[in-house]
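Asker: Take this structure, written in structure tokens, and hold onto it; I'll ask about it next.
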Amino acid sequence: MLLPCPRGPVTQLLSEWLSSGSALDEADMHARVSAALAGGDVITADDVQLSLWLLYELHYQGFDDVDPTWEWRPESLAVRRQIEGAFEAALRRETDALVAYAMSAAGTLADQLFALVRDAESPPLARHLQRYADREQLSEFLICRSIYQLKEADPHTWAIPRLTGKAKVALAEIQFDEYGSGRPARLHALMFAETLDACGLDPSYGAYVDRVPGVVLAASNAMSMFGLHRRLRGAAIGHLGAFEASSSLPNRRYAAAVRRLGGGESAARYFDEHVEADAVHEQVAVRDVCGAAAATEPELIGDIIWGAAVCLRLDALAAERLLDAWSAGDTALRNLVDGTARTRA
Ligand SMILES: [Fe+2]
Ligand SMILES: [Fe+2]
């Protein structure tokens, strides 16, 4: 993958930093980031979220045109830290009400997490796809999903060395499934790539980064932030719990959408797999990962619930973005000036 196109002053300068060895003007970068963070909603701001996504990507597959030593250079970490401070604060504000709701629910932590997933408001994206969407809308949905799904499970894997005992074992059990249960052909990220391919889309990693709106990058960035900070390990596993517990039914609808629109069995396979797998994963993630971690480290409970709330809220915001655009007869994707993505591998 090559560096995606800049979306504003921060990504412009960051791309120059990452792609050349020229002298770095850190004061200029700090000022640009401050201006971008002051300029609106951090969660949806394209320039802010793409900057963070670029910096996190250095920890995953990286870029063909970026020196891999950038992963740990103090200058890139300083930019990351500045944005993360504002992003974390925005996510905490955005989920205040959801966290309070879950905390007030009766029962164990597992009961509270399931109540949150059951009762959190969520736009009817899956139902729309199942019943009404056209092929174009299905493609847009798959393109937005590709940002996370092509690195499916990786952000939560960072949490494994940060847990102990039963919680660590349970998380490793889930991730073993996500990584194909010993069969490379069943790697979930690869199965999603096959769905893209079967639907006539580009399955290569990062192919659509230029096309997706900031809020879609934010959903991926939140997972990376939780995974890459040990202090946020509670949020990482809470996010996983909500992710798994809100997955099975929508995936049944996505599979139906793909079949209704002629995608065929190979396109539906990824979603079929998740109807069954995530019905099991939600129990393991909520009870055995989150429950066990909370039993040994009760101070994590607040962040476990917060991470779950972030998962549900960002998913809802992204769904809203898609449905709003479609109901106005628009595309939910960013239109590129020259109509091409520079990010093809
Ligand atoms: Fe999966
Ligand atoms: Fe899963």
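Numbering follows our numbering, with no gaps: position 315 of the sequence shown is 315. Glycine residues also receive a C-beta, built at the ideal position from the N, C-alpha and C atoms.
Is residue 129 near residue 116, with beta carbons less than 8 Å apart?
Answerer: Within the sequence shown, the letter at position 129 stands for residue 129. Within the sequence shown, the letter at position 116 stands for residue 116. Against a cut-off of 8 Å, the Cβ pair of residue 116 and residue 129 comes out as no contact.
Asker: When the distance is taken between beta carbons, is residue 201 closer than 8 Å to residue 346?
Answerer: The chain is shown only over 1 to 345; residue 346 falls outside these bounds and no answer can be derived.
Asker: Is residue 237 a contact residue of ligand 2, with contact defined as CB to any heavy atom under 7 Å?
Answerer: For the purposes of this step, residue 237 is identified with residue 237 of the sequence shown, where counting begins at 1. Result no, Cβ not under 7 Å from ligand 2.
Asker: Over what stretch of residues does the alpha helix (DSSP H) that includes residue 49 continue unbroken?
Answerer: Along the sequence shown, one-based indexing puts residue 49 at 49. First-last of the alpha helix (DSSP H) with residue 49: 46-57.
Asker: Can you give the beta carbon distance from residue 83 to residue 218, rounded, assuming they're within the 8 Å contact cut?
Answerer: Here residue 83 corresponds to residue number 83 of the sequence shown, with the count starting at 1. Here residue 218 corresponds to residue number 218 of the sequence shown, with the count starting at 1. Their Cβ separation, rounded to whole angstroms, is 11 Å, which puts residue 83 and residue 218 out of contact at 8 Å.
Asker: What does a CB cutoff of less than 7 Å around residue 179 pick up in its chain, not counting 5 residues either side in sequence?
Answerer: Position 179 of the sequence shown holds residue 179. Cβ neighbours of residue 179 beyond the five flanking positions: 153, 187.
Asker: Check whether the Cβ atoms of residue 238 and residue 165 lie closer than 8 Å to each other.
Answerer: Stepping through the sequence shown from its first residue, residue 238 is reached at position 238. Stepping through the sequence shown from its first residue, residue 165 is reached at position 165. Going by C-beta atoms, residue 238 is not nearer than 8 Å to residue 165.
Asker: Hey, which unbroken runs of the alpha helix (DSSP H) at 4 residues or more fall wholly within the stretch 265-331?
Answerer: Qualifying alpha helix (DSSP H) stretches, in chain order: 291-296, 301-327.
Asker: Hey, could you find the ends of the alpha helix (DSSP H) residue 165 is sitting in?
Answerer: Indexing the sequence shown from 1 puts residue 165 at position 165. From DSSP, the alpha helix (DSSP H) with residue 165 extends over 165-178.
Asker: Can you check whether the C-beta of residue 159 is within less than 8 Å of a C-beta belonging to chain D?
Answerer: In summary, chain D is missing from the structure at hand, where a single protein chain is found.
Asker: Hey, residue 75 and residue 225 are a contact pair by Cβ (cut 8 Å); roughly how many whole angstroms apart?
Answerer: For the purposes of this step, residue 75 is taken as residue 75 along the sequence shown, with counting starting at 1. For the purposes of this step, residue 225 is taken as residue 225 along the sequence shown, with counting starting at 1. No, residue 75 and residue 225 are not in contact; Cβ-Cβ is about 19 Å, not under 8 Å.
Asker: If you draw a straight line from the C-alpha of residue 245 to the C-alpha of residue 122, how long is it?
Answerer: Here the question's residue 245 lines up with position 245 in the sequence shown. Here the question's residue 122 lines up with position 122 in the sequence shown. If I take the Cα positions, the gap works out to 14 Å.
Asker: Return yes when the C-beta of residue 133 is under 7 Å from any heavy atom of ligand 1, and no when it is not.
Answerer: Position 133 of the sequence shown holds residue 133. Result no, Cβ not under 7 Å from ligand 1.
Asker: Closer than 7 Å: is that where the CB of residue 220 sits relative to any heavy atom of ligand 2?
Answerer: Taking the sequence shown and counting its residues from 1, the one referred to as residue 220 is at position 220. Answer for residue 220: no, Cβ out of range of ligand 2.
Asker: Would the beta-carbon of residue 66 fall within 8 Å of that of residue 147?
Answerer: As a first step, residue 66 is located in the sequence shown; it is residue number 66 there, counting from the start. As a first step, residue 147 is located in the sequence shown; it is residue number 147 there, counting from the start. No, the Cβ-Cβ distance between residue 66 and residue 147 is not below 8 Å.
Asker: Suppose you measure from the CA of residue 63 to the CA of residue 57; what does that come to, to the nearest Å?
Answerer: On the sequence shown, position 63 is the one that residue 63 refers to. On the sequence shown, position 57 is the one that residue 57 refers to. If I take the Cα positions, the gap works out to 8 Å.
Asker: Can you list the alpha helix (DSSP H) stretches of 4 or more residues lying completely in the stretch 17-47, in chain order?
Answerer: DSSP runs (the alpha helix (DSSP H)) wholly in the stretch 17-47: 26-38.
Asker: Out of curiosity, what's the CA-to-CA distance linking residue 236 and residue 80?
Answerer: By 1-based counting over the sequence shown, the position of residue 236 is 236. By 1-based counting over the sequence shown, the position of residue 80 is 80. Near 18 Å, if we compare the C-alpha coordinates of residue 80 and residue 236.
Asker: Return yes when the C-beta of residue 152 is under 7 Å from any heavy atom of ligand 1, and no when it is not.
Answerer: As a first step, residue 152 is located in the sequence shown; it is residue number 152 there, counting from the start. It does: the Cβ of residue 152 is within 7 Å (strictly closer) of some heavy atom of ligand 1.
Asker: If we call anything under 8 Å between Cβ atoms a contact, is residue 261 one with residue 145?
Answerer: Here residue 261 refers to the residue found at position 261 of the sequence shown. Here residue 145 refers to the residue found at position 145 of the sequence shown. The answer is no: Cβ separation not under 8 Å.
Asker: Is the stretch 98-113 close to the stretch 295-313, with three or more CB pairs under 8 Å?
Answerer: The stretch 98-113 is in contact with the stretch 295-313.
Asker: Ligand 2 heavy atoms versus the CB of residue 272: any closer than 7 Å?
Answerer: As a first step, residue 272 is located in the sequence shown; it is residue number 272 there, counting from the start. For ligand 2, not one heavy atom lies less than 7 Å from the Cβ of residue 272.
Asker: Does the Cβ of residue 132 have 16 or more other Cβ atoms within 10 Å, making it buried, or fewer, making it exposed?
Answerer: Walking along the sequence shown from the start, residue 132 turns up at place 132. Classification of residue 132: exposed, given that the 10 Å Cβ count is below 16.
Asker: DSSP on residue 188, reduced to helix/strand/coil?
Answerer: What you label residue 188 is simply residue 188 of the sequence shown in a count that begins at 1. In the structure shown, residue 188 sits in a helix (DSSP, three-state: H, G or I).
Asker: For ligand 2, list every residue whose C-beta falls under 6 Å from any of its heavy atoms, going in chain order.
Answerer: Result: 178, 244, 277, 278, 281.
Asker: Three-state secondary structure (DSSP) at residue 93?
Answerer: Stepping through the sequence shown from its first residue, residue 93 is reached at position 93. Looking at residue 93 - three-state DSSP - the assignment turns out to be helix.
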